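**Student:** Got a structure here, written out as structure tokens. Questions coming.
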Amino acid sequence: MITRRTLMAGLAAAAALPRWAYAAAPADGVDPALVQFIKGLPKSEYHVHLEGTLEAEMKFALARRNGLGLPFADVAAMKASYNYHDLASFLAIYYDGMKVLLKEQDFRDLAYAYLARAAAQNVIYTEMFFDPQEHLKRGVPMEAVIMGITRARREAETMLGIRSQLILCFVRDSSAESAMAALDAALPFKQYLVGVGLDSDEAGHPPEKFAAHFAKARANGLHVTAHCDIDQPGTLTNIRTALVDLKVDRIDHGGNIVQSPELVAIAKQRNMYFTVCPTFSGTLRKGLDQPVDVVRAMLDAGLKVTISSDDPAYMASEYINDVLLRAVTRSNLSRAELAQIARNGFEAAWLPEADKRLLLARLDAYLASV
Ligand code: ADE
Ligand code: ZN
1240 MITRRTLMAG LAAAAALPRW AYAAAPADGV DPALVQFIKG LPKSEYHVHL
1290 EGTLEAEMKF ALARRNGLGL PFADVAAMKA SYNYHDLASF LAIYYDGMKV
1340 LLKEQDFRDL AYAYLARAAA QNVIYTEMFF DPQEHLKRGV PMEAVIMGIT
1390 RARREAETML GIRSQLILCF VRDSSAESAM AALDAALPFK QYLVGVGLDS
1440 DEAGHPPEKF AAHFAKARAN GLHVTAHCDI DQPGTLTNIR TALVDLKVDR
1490 IDHGGNIVQS PELVAIAKQR NMYFTVCPTF SGTLRKGLDQ PVDVVRAMLD
1540 AGLKVTISSD DPAYMASEYI NDVLLRAVTR SNLSRAELAQ IARNGFEAAW
1590 LPEADKRLLL ARLDAYLASV
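Using our numbering, read the sequence shown as starting at 1240 and increasing by one per residue.
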């Protein structure tokens, strides 16, 4: 399962700087023709946390608008504080940052800014995560969150031609009761949601904690996905639970699956798609003599990989084209593999078959034209 090519790519990744701090520009060393190919490629992304697209500049603007103080002198000082080394230390910064989001207009502005950036990079369809429990905690009504984002989705589709849907994430390290309360508060707005997911700190919060939530979401016509973050305690058990017991419709990250040929076989048999985010979660390290590149290993295992940007505002503001450009080098991706990853993306969409075919036709037209 872990091939020589995988290991070499892993070694190259390990030699790189910390996962979000880069010495070189994304396109450095990439064939200029491939750079153009990536820019023009019609794309989707399914693993982007809207709160993780909250750029420092917008944080300052929203804080000003909402009369809140921030403990940073300026944008540069705020960005310099984005210093994390693992999931838990990242999440502390991420949750602190979203406290400036208070009004429906804030959620609209946040979502529109992401959709505008994505559209400018030829993302034609996206399914976006949001973390309502964190906003409910601060007294923000669910309606303000969902309707603000929904307004942005409608405007972006009309103005920019980008189609999108919304996935409500349960914050797994909060209580199961607060997740259920969030689901119940969201169900009156279920026509604006396409699915539910599971994010935040996995350690001690396995997917089965949310079995009842997933069942209720399903009964309400929603799809189900779950983060299986890289190198988490019990990761293979959690991947198995998500895949076999809870029968999720997609897995977010999930790269440790390459360490279990049995789970790889089950994922293939279930035609499972993975939303992989190599910027911060691109390398397996735990318990290994040599680091392993996640994208390379999953492709070599024959798994259905899609690629996303995760939390770009906290990851050097690198949105999808930059993520793909870096993946070319770190995961040794060919043009054919990039095209396959784009195809996987449209096939993985939570859309009616006819709509998927339209997206795939746009991809085919592009591939035939280059
Ligand atoms: N919340 C935001 N980004 C996340 C990630 N990559 N993993 C888990 N929870 C998250
Ligand atoms: Zn994520």
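Backbone N, C-alpha and C define an ideal beta-carbon position, used for all residues, glycine too.
Computed from a prediction, not measured in an experiment: that's the story for all the values here.
Using a strict less-than 6 Å threshold between each residue's beta carbon and the heavy atoms of the ligand ZN, what residues do you get?
**Tutor:** With the cut-off at 6 Å, the residues found are His1286, His1288, Asp1438, His1466, Asp1491, Asp1549.
**Student:** Whole angstroms is fine: what's the gap from Gln1498's alpha carbon to Pro1310's?
**Tutor:** Each residue's Cα considered, the two are about 43 Å apart.
**Student:** Using only CA atoms, which one of Asp1470, Leu1527, Gly1493 lies nearest to Ala1481?
**Tutor:** Among Asp1470, Leu1527, Gly1493, the Cα nearest to that of Ala1481 is on Gly1493.
**Student:** Ignoring anything shorter than 3 residues or poking outside the stretch 1486-1514, list the beta strand (DSSP E) runs there in chain order.
**Tutor:** Listed in chain order, they are 1489-1492.
**Student:** Can you list, in chain order, the residues of its chain whose CB lies under 7 Å from that of Ala1383, leaving out five sequence neighbours each side?
**Tutor:** Excluding residues within five positions, the ones whose Cβ falls inside 7 Å are Lys1342, Glu1343, Phe1346.
**Student:** Across which residues does DSSP place Arg1402 in a beta bridge pair?
**Tutor:** Its beta-bridge partners are Tyr1364.
**Student:** Report the rounded CA-to-CA distance for Val1610 versus Ala1355, giving the unit in angstroms.
**Tutor:** Residue 1610 is absent from the structure shown; the chain starts at 1240 and stops at 1609.
**Student:** On the three-state DSSP scale, how would you describe Asp1549?
**Tutor:** DSSP places Asp1549 in strand when its eight states are reduced to three.
**Student:** With H, G and I counted as helix, E and B as strand and the rest as coil, what does DSSP make of Leu1213?
**Tutor:** Missing from the structure shown is residue 1213; the chain here goes from 1240 to 1609 and no further.
**Student:** Span of the alpha helix (DSSP H) holding Leu1475?
**Tutor:** Note, Leu1475: alpha helix (DSSP H), 1474-1479.
**Student:** Please classify Gly1279 as buried or exposed, where buried requires at least 16 other C-beta atoms within 10 Å of its C-beta.
**Tutor:** It counts as exposed.
**Student:** With C-beta atoms as the reference, is Ala1555 less than 8 Å away from Tyr1261?
**Tutor:** Yes, Cβ-Cβ distance for Ala1555 and Tyr1261 is below 8 Å.
**Student:** Enumerate in chain order the residues of its own chain whose CB-to-CB distance from His1286 is below 7 Å, with the five nearest sequence positions on each side excluded.
**Tutor:** Result list for His1286: Asp1491, Thr1514, Cys1516, Ser1547, Asp1549, in chain order.
**Student:** So the alpha helix (DSSP H) Ser1417 belongs to, where does it begin and stop?
**Tutor:** Element bounds for Ser1417: 1415-1425.
**Student:** Could you give the DSSP three-state label for Asp1325: helix, strand or coil?
**Tutor:** Here Asp1325 sits in coil by DSSP.
**Student:** Nearest CA to the CA of Thr1365: which residue from Ala1587, Ala1456, Leu1475, Asp1532?
**Tutor:** Comparing Cα positions, the closest option is Ala1587.
**Student:** Quick one: Cα of Asn1305 to Cα of Phe1428, how far?
**Tutor:** Their Cα atoms are separated by approximately 26 Å.
**Student:** Could you check whether the Cβ of Tyr1333 sits closer than 7 Å to any heavy atom belonging to the ligand ADE?
**Tutor:** Yes, Cβ of Tyr1333 sits closer than 7 Å to a heavy atom of the ligand ADE.
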